[in-house]
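In what follows, a structure is listed as structure tokens, so that the remarks can point back to it.
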Amino acid sequence: MQPSQSQISLTKKQTLTLYAFRIGLFCMLLLIGGYFAKEMIFPTYVFDFRSAVDSLANTISRPYITEFGTTFDLTASGEFTTAHITITLPDDAPRLPKKTILSLRHSYRAFLAPVGATKYIDHLVTTYEIDGTYYSSTDKKLYPLLSQNVFDSYLFAQNTAIPASSAVDLLATVSQEKKGFASGTLVKSNDGIFVIDGDTKHPIQDEFVFSALGYNFANVRSSTNEERGLHKKARLFDLSSTHPFGTIFYARDADRTYIYDHDQLNKIEPTVRAKENAIIVDELSRTAFDTCILSPALLRKNTYTCTIPFEQTTSFPGNIYQFMIDVPHVTIEKSRITLSTAPTHTSLEQRLTSIKKELSKSYLSTP
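Counting from 1, position 244 in the sequence shown corresponds to residue 1678 in my numbering; the numbering is continuous, with no gaps.
In structure tokens form, the structure reads like this:
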């Protein structure tokens, strides 16, 4: 005789409780899955500053004074829509005035530099071709350029060198020092892509950094070992690096071209050649601000918070977010900034397009 199988019978109340538990578990898993999906598609980035910590460990710059007040910045690349800021002052610091404004600009650090008052003409030099060698004329002295490729990297007054064998008689001396690529030029080798910075060359960290700094692969020059050898290898160019002097910016909304020259922007003629070698920017990014009002945080002494929705600055290209408190000489003990993206239909399309491009690049680069 077979033993009978025991069966468990549930009361109606227990059955309803089990169903409710299953539904609750399913909802919880759905919420967790949705959260991780959102973080994968719209990642949140957190940046910190502590005054007691070495600057290399901080992802927000130390505060500095500008014409606008107390300023600090961070570097990031992405389609962000919101910044949440928390700032803590020292215990003995005076409280911030009521309705203290925190403002934000978004661009490239070099493009936010002051604009020079005089017209920039340093690049408008006369060039000569003498017995197959190219020379640039500066201060009544001829400087030999290593090659035609090097010559083509400059924005000279004319696109072709003047054939003039008698030019040497008109000038004082011919320098023995050969000149390499123009500063700001992008060159490639088997090891990667470099950006020229005077007599040095910086290897660019990776393709992500290259794109985040606004560079265009169409502007990268092939180069020989001899041509690159005139420039010493320098530090790695990463996302937080400032463009070198000689970098050209083209403001598409104003049809203006600038050249960056040691902490200053200078206007140059917006020629076709200048535009082709320029990093695309918006003139408005220099003067457009998104703002919020810093409010005291609850139960946290000398701590202030606010949230800035990106409205005026969201469409500007750039790798720097520059925050400004409209009060000078504010001592900040620590701060935290969270950059995030609201999951809207438009931002979802933009993000999925970016992910598709990144996956496509990864696929094409796979051997």
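Here a beta-carbon is modelled for each residue, glycine too, at the ideal position from N, C-alpha and C.
In this structure glutamate 1501 is exposed. Its beta-carbon is surrounded by fewer than 16 other beta-carbon atoms within 10 angstroms. If you draw a 10 Å sphere on the C-beta of proline 1678, you find 16 or more other C-beta atoms in it, and that means buried.
By the C-beta density criterion, histidine 1540 is buried, having at least 16 other C-beta atoms within 10 angstroms. No Cβ-Cβ contact shorter than 8 angstroms links phenylalanine 1757 with valine 1715. Nearest Cα to arginine 1484 within the set Thr1478, Gly1550, Arg1496: Arg1496.
By alpha-carbon distance to phenylalanine 1642, the top candidate from Val1621, Ser1511, Gln1746 is Ser1511.
Three or more beta-carbon pairs separated by less than 8 angstroms link the stretch 1516-1524 to the stretch 1764-1775, which places the two stretches in contact. Sixteen is the threshold: since fewer than 16 other Cβ atoms of the shown chains lie within 10 Å of the Cβ of lysine 1667, the residue is exposed. For lysine 1735, there is no enclosing beta strand (DSSP E), as DSSP marks it with neither H nor E.
By the C-beta density criterion, lysine 1735 is exposed, having fewer than 16 other C-beta atoms within 10 angstroms. A direct Cα-Cα distance of roughly 24 angstroms separates proline 1743 from tyrosine 1498. With contacts defined as CB atoms closer than 8 angstroms, leucine 1620 and tyrosine 1649 qualify as a contacting pair. Within the stretch 1583-1671, the alpha helix (DSSP H) runs of at least 4 residues that lie entirely inside it are, in chain order, 1601-1604, 1641-1646, 1659-1663.
Three or more beta-carbon pairs separated by less than 8 angstroms link the stretch 1547-1567 to the stretch 1682-1701, which places the two stretches in contact. The straight-line gap separating the alpha-carbon atoms of alanine 1712 and glycine 1618 is approximately 10 angstroms.
Listed in chain order, the non-local C-beta contacts of threonine 1607 below 7 angstroms within the same chain comprise Lys1575, local neighbours out to five positions each way being set aside. Remark: C-beta atoms of isoleucine 1521 and tyrosine 1738 approach each other more closely than 8 angstroms. Scanning Phe1615, Ser1656, Gly1632 for the CA closest to the CA of aspartate 1625 turns up Ser1656. Less than 8 angstroms separates the beta-carbon of aspartate 1482 from that of arginine 1770. Boundaries for arginine 1496: no alpha helix (DSSP H) harbours it, and the DSSP string shows neither H nor E there. Valine 1764 sits in coil when the DSSP states are folded into three classes, being neither helix nor strand. Residue environment analysis places glycine 1566 among the exposed positions, since fewer than 16 neighbouring C-beta atoms fall within 10 angstroms of its C-beta. One alpha carbon belongs to alanine 1688, the other to isoleucine 1702, and they sit about 13 angstroms apart. By the Cβ-count criterion, histidine 1763 is exposed, with fewer than 16 other Cβ atoms from all chains shown falling within 10 Å of its own Cβ.
Under the three-state reduction of DSSP output, glycine 1503 falls in the strand class. Between isoleucine 1754 and isoleucine 1535, the CB-CB gap reaches or exceeds 8 angstroms. In this structure, isoleucine 1630 and phenylalanine 1615 form a Cβ contact; the two beta carbons are roughly 5 angstroms apart against a cut-off of 8 angstroms. Residue pairing by DSSP leaves asparagine 1492 without any beta bridge partner. Taking 8 angstroms as the cut-off, the Cβ atoms of threonine 1560 and tyrosine 1568 do not count as close. Going by DSSP, arginine 1539 is part of the beta strand (DSSP E) stretching over 1535-1541. Within the same chain, Leu1523, Pro1524, Ala1527 come within 7 angstroms of threonine 1765 by CB-CB distance, once the 5 residues on both sides are set aside.
Our two residues, arginine 1543 and proline 1637, have alpha carbons roughly 19 angstroms apart in a direct line. One alpha carbon belongs to threonine 1721, the other to lysine 1553, and they sit about 21 angstroms apart. A Cβ-Cβ contact shorter than 8 angstroms links lysine 1709 with threonine 1691.
No Cβ-Cβ contact shorter than 8 angstroms links leucine 1508 with threonine 1747. Glutamate 1661 and serine 1719 have their alpha carbons spaced roughly 36 angstroms apart.
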